[in-house]
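Scroll down for the structure; my scribbles are underneath it.
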Amino acid sequence: MLWSYNNQKVAQLIKWSKFYGHFYYLNVIKNFQKYIDLSIFDGVEALVAVPMHKKDLQKRGFNQSVIIAKILSKFSGLPVCYNMLEKTKQTKQQVELKMIERQNNLKNAFIVNPKAKRFKKVLIVDDVLTTASTINECARVLLNSGIKANFFALASEF
1 MLWSYNNQKV AQLIKWSKFY GHFYYLNVIK NFQKYIDLSI FDGVEALVAV PMHKKDLQKR
61 GFNQSVIIAK ILSKFSGLPV CYNMLEKTKQ TKQQVELKMI ERQNNLKNAF IVNPKAKRFK
121 KVLIVDDVLT TASTINECAR VLLNSGIKAN FFALASEF
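Once you know that position 72 of the sequence shown is 72 in full-length UniProt numbering, the rest is easy, because the numbers rise by one and skip nothing.
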């Protein structure tokens, strides 16, 4: 994680990019790449953004995790695998839910696309890590398919 989501400026930056389409604010990551612990890329063969459900993606028009993954790809040299994970279940927004509700909300929401190229180890990319429910569910389905995973989140509420 680069920042604490409890920092008002960080929270504002992510909200502007995520909910108002000002994703050019995410380019600030480029200025902070020297602070990223490069060991997260050890053994990683590809970057996998946390996917959105088709309907949610259509409504928003972009996936902020894909944008973050593309930026990480530029300085890590790793490819972004756009179709490895799919979100097949439309879920409530996590922001309004407590920890147990978040876990239940995402249970079985993701699948590994059987047609996607297989990698031994990937880096799951998300915008905010709150309870780790999203990352854990993505990692669970990847591990069940024999794919190891590290994770990167732009900010954390921890």
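Ideal placement from N, C-alpha and C gives every residue a C-beta, glycine not left out.
How big is the Cα-Cα spacing for residue i and residue j?
i: glycine 145; j: aspartate 42; result: Position check: residue 145 holds serine in this sequence, whereas glycine was assumed. Going from the Cα of serine 145 to the Cα of aspartate 42 covers about 20 Å.
i: phenylalanine 119; j: leucine 57; result: 25 Å
i: proline 51; j: valine 95; result: 16 Å
i: proline 114; j: aspartate 37; result: 31 Å
i: glutamate 86; j: isoleucine 111; result: 5 Å
Taking buried to mean at least 16 other C-beta atoms within 10 Å of its own C-beta, is residue i buried or exposed?
i: leucine 143; result: exposed
i: isoleucine 147; result: buried
i: lysine 59; result: exposed
i: phenylalanine 62; result: exposed
From this set, the options, which residue's C-alpha is nearest residue i's C-alpha?
i: leucine 106; options: His53, Val44, Ala46 and Leu47; result: His53
i: isoleucine 100; options: Thr131, Ala109, Val112 and Lys92; result: Thr131
i: alanine 153; options: Leu85, Asp126 and Ala46; result: Asp126
i: tyrosine 82; options: Lys55, Ser39, Lys92 and Ile67; result: Ile67
May I ask which residues mark the beginning and end of the alpha helix (DSSP H) holding residue i?
i: serine 145; result: From DSSP, serine 145 is part of no alpha helix (DSSP H); its letter is neither H nor E.
**OP:** Kindly provide the ranges of any alpha helix (DSSP H) runs that are 4 or more residues long and lie completely inside the region 89–121, ordered along the chain.
**Re:** 99–106
Task: Length at least 3, wholly inside the region 32–86: the beta strand (DSSP E) runs in chain order - done: Correct list: 46–49.
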